[in-house]
Amino acid sequence: MTKKVVIHHLVGHRFLGMNEQGDKVMIDGDQPATGPRPMELLLMALGACTAYDVVDIMKKKKQPLARYRVEVEGIRAETHPRRYTHITVTHIASGPNVTLEALERAAHLSHTKYCSVSASLNAEITVKVVLEPWEEGQETQG
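Following this line, the structure appears as structure tokens:
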């Protein structure tokens, strides 16, 4: 399968990225910024890719997540091309029936088998999992 995106130069270090369906994202290196920088988008792509997997895996395990977020932090090399050398991905979740073991397994499967963004990166990736306490009556995410 081939994917194609187009990046349009707007002004300075400001660009508009567009996929084949016409979805757009502002990519910005100017100040004040109107969108994320390219390397931030890379971290976001990794976080979103693994989040898709974890949500699906937990649903299949009959442990749907009531609240869930992924925090991604990258350390860049000091010299060019200043790639990410180490990335830490932290999955933080809660839900009425969610177990730490299932969440850890889902995150592991995502990063080692399913997440194509993770597989495409040349960085050491550390995965952490945090299961927050859940109390009946807590608000769930939409």
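Just so you know, we're using the UniProt record's numbering here: the sequence shown kicks off at 1 and counts up by one. Quick reminder that beta carbons are idealized off the backbone N, C-alpha and C, glycines included.
The beta carbons of residue 46 and residue 87 sit closer together than 9 angstroms. A distance below 7 angstroms between beta-carbons, with the five flanking residues on each side excluded, links residue 4 to the following residues of its chain, in chain order: 20. As the crow flies, the alpha-carbon of residue 9 is around 30 angstroms from that of residue 71. Taking all protein chains shown into account, residue 26 has fewer than 16 neighbouring C-beta atoms within 10 Å of its C-beta and is therefore exposed.
Under the three-state reduction of DSSP output, residue 66 falls in the coil class, being neither helix nor strand. Contact annotation: residue 35 and residue 28 have beta-carbon atoms nearer than 9 angstroms. A distance below 6 angstroms between beta-carbons, with the five flanking residues on each side excluded, links residue 132 to the following residues of its chain, in chain order: 94.
Runs of the alpha helix (DSSP H) spanning 4 or more residues and lying entirely within the stretch 53-140 occur at 100-109 and 116-120, in chain order.
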